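Q: The numbers in this note's numbering rise by one with no breaks, and the one at position 16 of the sequence shown is 6. Sharing a structure with you now.
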Amino acid sequence: MKILVTGAKGFIGKNLIAELKNQNYADILEYDIDTYPSLLESFCKEADFVFHLAGVNRPKNQSEFMEGNFGFTSILLDTLKKYNNTCPVMISSSIQAALDNPYGKSKKAGEDLLFTYAKETGAKVLVYRFPNVFGKWCRPNYNSAIATFCYNIAHDLPIT
């Protein structure tokens, strides 16, 4: 089974890939922002399952939310369609998708696009709205209150 992981170098992607390797999955197609774009073509052609974990959560300007969370999702799904690949696609989203803010709107737009893709192609799709994630490789003062609290406690810093 060939498993495509977008956002392979991100927090969730790194942890997922480590566990997939631990479970003896050998054919992991790792795609990240610095991967040659042409590789997405071959990866989408070959994939038996897609974990779409790529996204933007801390942009320099707010327009990058939509570009990263909706735009790349659109490119990914269009590429799968191009090769008639209807393998299952799991997308990581956020509980923010239910809220009215730029990040939440971009995550919701990605979810909606995925559901439209499922109706058009018959592909099985899964949306996971993660709450506050934390664990190995989580960076404090980035996007996890828990990682920040743990770091601050360990370094005798105020936790709030």
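Note that beta-carbon positions come from the ideal geometry of N, C-alpha and C, so glycine has one too. These figures come from a predicted structure and were not determined experimentally.
#1: PHE124 lies in the beta strand (DSSP E); which residues open and close that run?
#2: Beta-carbon within less than 6 Å of ILE81's beta-carbon, same chain only, minus the 5 sequence neighbours each way: which residues are those?
#3: From the DSSP output, which residues share a beta bridge with TYR73?
#4: Do you know whose CA, among LEU70, ALA137, CYS128, lies nearest GLY112's CA?
#5: Using beta-carbon positions only, say whether PRO92 and GLN52 come within less than 8 Å of one another.
#6: Run through DSSP, which three-state label would MET56 get?
A: To lay it out plainly:
#1: For PHE124, there is no enclosing beta strand (DSSP E), as DSSP gives it neither H nor E.
#2: Listed in chain order, the non-local C-beta contacts of ILE81 below 6 Å within the same chain comprise HIS42, LEU104, VAL117, local neighbours out to five positions each way being set aside.
#3: Paired residues: none, contrary to the question.
#4: Out of LEU70, ALA137, CYS128, LEU70 has the C-alpha closest to the C-alpha of GLY112.
#5: Contact flag set, yes.
#6: Looking at MET56 - three-state DSSP - the assignment turns out to be helix.
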